[in-house]
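Novice: Quick one: the structure is below, and I'll ask about it shortly.
Residue numbers (the working numbering), protein chains in the order written: chain F, 1 to 149; chain U, 150 to 234.
Below is the structure:
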């Protein structure tokens with residue numbers, strides 16, 4: 001259900017496994033995060049993703065459990081890559097299966113919003129001017145906070 | 150009391166180590182005490198862990214607040230706000 005890995009993932013295969021032999025699933029929503037070639041005006045040649053082994057998996061599981069308590073989820077998958085990545089690479093997959101689309105859309109966004117603010121991953125970008133750690137965005141904090149109401 | 154401190158991302162680079170094992174005096178009881186104990190080492194700890202700086206602390210792999218009590222053989226991690234996804 002939750003994986004942290006260096007290798008790429010195949011979205012179609014992940015979704016196929018999720019919906020396999022479960023006719024109760026009526027909606028399958030997925031989000032894929034990608035490496036862009038530009039962030040806040042900096043041209044990105046490469047990105048290094050670091051994480052906190054152990055806490056990362058625990059934290060992702062807590063987020064998924066929180067989503068399961070809120071919506072009737074029939075299947076969930078979270079795959080996050082670590083290590084060196086280049087523009088156009090896939091970084092993260094969050095996929096949620098439910099009976100109906102409203103729950104699936106909401107749960108997928110909820111998991112992604114909390115992943116961005118709670119799961120211990122850090123990005124370091126390489127640009128022509130050198131490398132730097134990406135700063136946390138306040139908009140991500142606000143996106144996660146709206147679920148607390 | 151012994152505890153392991155892990156550093157990630159910018160902290161790991163600034164402190165030039167991913168982890169260290171420390172033996173703490175009895176006066177160090179909470180996360181806040183531990184931070185003060187680290188700041189007392191001087192640079193770069195006192196600047197990087199200064200009160201105005203933004204960083205996070207986890208205790209045994211759960212996000213922790215400053216008043217949480219350290220346990221023997223605790224795993225403490227200090228890192229910048231997260232930026233995954």
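Idealized CB from N, CA, C, for every residue including glycine. The structure displayed is predicted, hence computed values, not measured ones.
Chain F beta carbons: is any one of them nearer than 8 angstroms to that of residue 210 (chain U)?
Specialist: To locate residue 210 (chain U), count along the second chain from 1; it is residue 61. Yes, residue 210 (chain U) counts as interfacial toward chain F.
Novice: If you follow the beta strand (DSSP E) that residue 98 (chain F) is in, where does it begin and where does it stop?
Specialist: In the first chain, the residue the question calls residue 98 (chain F) occupies position 98. Looking at the DSSP string, the run of the beta strand (DSSP E) that includes residue 98 (chain F) is 90-98.
Novice: Could you tell me which uninterrupted alpha helix (DSSP H) segments, each at least 4 residues in length, are contained entirely in the region 163-219 of chain U, listed from first to last along the chain?
Specialist: Listed in chain order, they are 180-188, 194-197.
Novice: Can you pull the chain U residues whose beta carbon is under 7 angstroms from the beta carbon of residue 50 (chain F), in chain order?
Specialist: As a first step, residue 50 (chain F) is located in the first chain; it is residue number 50 there, counting from the start. Within 7 angstroms Cβ-Cβ: 157, 158.
Novice: Using a beta-carbon distance below 8 angstroms, is residue 83 (chain F) in contact with chain U?
Specialist: Residue 83 (chain F) sits at position 83 when you count from the first residue of the first chain. No, no contact with chain U.
Novice: With DSSP run on the structure shown, which of helix, strand or coil describes residue 114 (chain F)?
Specialist: Here the question's residue 114 (chain F) lines up with position 114 in the first chain. Residue 114 (chain F) falls in the helix class under three-state DSSP.
Novice: Between residue 102 (chain F) and chain U, is any beta-carbon pair separated by less than 8 angstroms?
Specialist: Counted from its first residue, the first chain places residue 102 (chain F) at position 102. With 8 angstroms as the cut-off, residue 102 (chain F) does not count as an interface residue toward chain U.
Novice: Short of 7 angstroms Cβ to Cβ, which residues in the region 206-230 of chain U face chain F?
Specialist: Cβ contacts with chain F: 207, 210, 226, 228, 229, 230.
Novice: So that I know if they touch, is there some Cβ in chain F lying closer than 8 angstroms to that of residue 233 (chain U)?
Specialist: For the purposes of this step, residue 233 (chain U) is taken as the residue at position 84 of the second chain. So, interface residue.
Novice: According to DSSP, is residue 2 (chain F) helix, strand or coil?
Specialist: In the first chain, counting from the first residue as 1, residue 2 (chain F) sits at position 2. Three-state result, residue 2 (chain F): strand.
Novice: If residue 79 (chain F) and residue 67 (chain F) are in contact, beta carbons under 8 angstroms, what's the gap, nearest whole angstrom?
Specialist: Indexing the first chain from 1 puts residue 79 (chain F) at position 79. Indexing the first chain from 1 puts residue 67 (chain F) at position 67. That pair is no contact at about 16 angstroms.
Novice: Give the interface partners of residue 1 (chain F) over in chain U, defined as CB-CB distance under 8 angstroms, in chain order.
Specialist: The residue labelled residue 1 (chain F) in the question sits at position 1 within the first chain. None at all; the shortest Cβ gap to chain U is about 17 angstroms.
Novice: Thinking C-beta only, is residue 226 (chain U) closer than 8 angstroms to residue 52 (chain F)?
Specialist: Your numbering for residue 52 (chain F) matches position 52 in the first chain. Your numbering for residue 226 (chain U) matches position 77 in the second chain. Yes, the Cβ-Cβ distance between residue 52 (chain F) and residue 226 (chain U) is below 8 angstroms.
Novice: On a Cα-Cα basis, can you pick out the residue from U:228, U:234, U:233, U:232 that is closest to residue 167 (chain U)?
Specialist: Within the second chain, numbered from 1, the residue matching residue 167 (chain U) stands at position 18. It is U:228.
Novice: Using the Cα positions of residue 7 (chain F) and residue 175 (chain U), report the straight-line distance between them to the nearest angstrom.
Specialist: In the first chain, residue 7 (chain F) corresponds to position 7, counting from 1. In the second chain, residue 175 (chain U) corresponds to position 26, counting from 1. Cα to Cα, residue 7 (chain F) sits roughly 45 angstroms from residue 175 (chain U).
Novice: May I ask you to list the residues that DSSP assigns as paired with residue 147 (chain F)?
Specialist: Against the first chain, residue 147 (chain F) aligns to sequence position 147. DSSP lists no partner for residue 147 (chain F).
Novice: Using a Cβ-Cβ distance under 8 angstroms, would residue 93 (chain F) count as near chain U?
Specialist: As a working note, residue 93 (chain F) is residue 93 in the first chain. False, the Cβ-Cβ gap to chain U never drops below 8 angstroms.
Novice: Can you grab the Cα-Cα spacing for the pair residue 26 (chain F) / residue 187 (chain U), in whole Å?
Specialist: Numbered from its first residue, the first chain carries residue 26 (chain F) at position 26. Numbered from its first residue, the second chain carries residue 187 (chain U) at position 38. Roughly 54 angstroms separates the two Cα atoms.
Novice: So, at 6 angstroms on beta carbons, what are the nonlocal neighbours of residue 169 (chain U) in its own chain, with the 5 sequence-adjacent residues on each side left out?
Specialist: By 1-based counting over the second chain, the position of residue 169 (chain U) is 20. Contacts found: 154.
Novice: Going by beta carbon distance, what residues of the same chain come within less than 8 angstroms of residue 22 (chain F), once the five residues before and after it are set aside?
Specialist: Here residue 22 (chain F) corresponds to residue number 22 of the first chain, with the count starting at 1. These residues qualify, in order along the chain: 74, 75, 97.
Novice: Return helix, strand or coil for residue 232 (chain U), following the three-state DSSP convention.
Specialist: Position 83 of the second chain holds residue 232 (chain U). Looking at residue 232 (chain U) - three-state DSSP - the assignment turns out to be coil, as it is neither helix nor strand.
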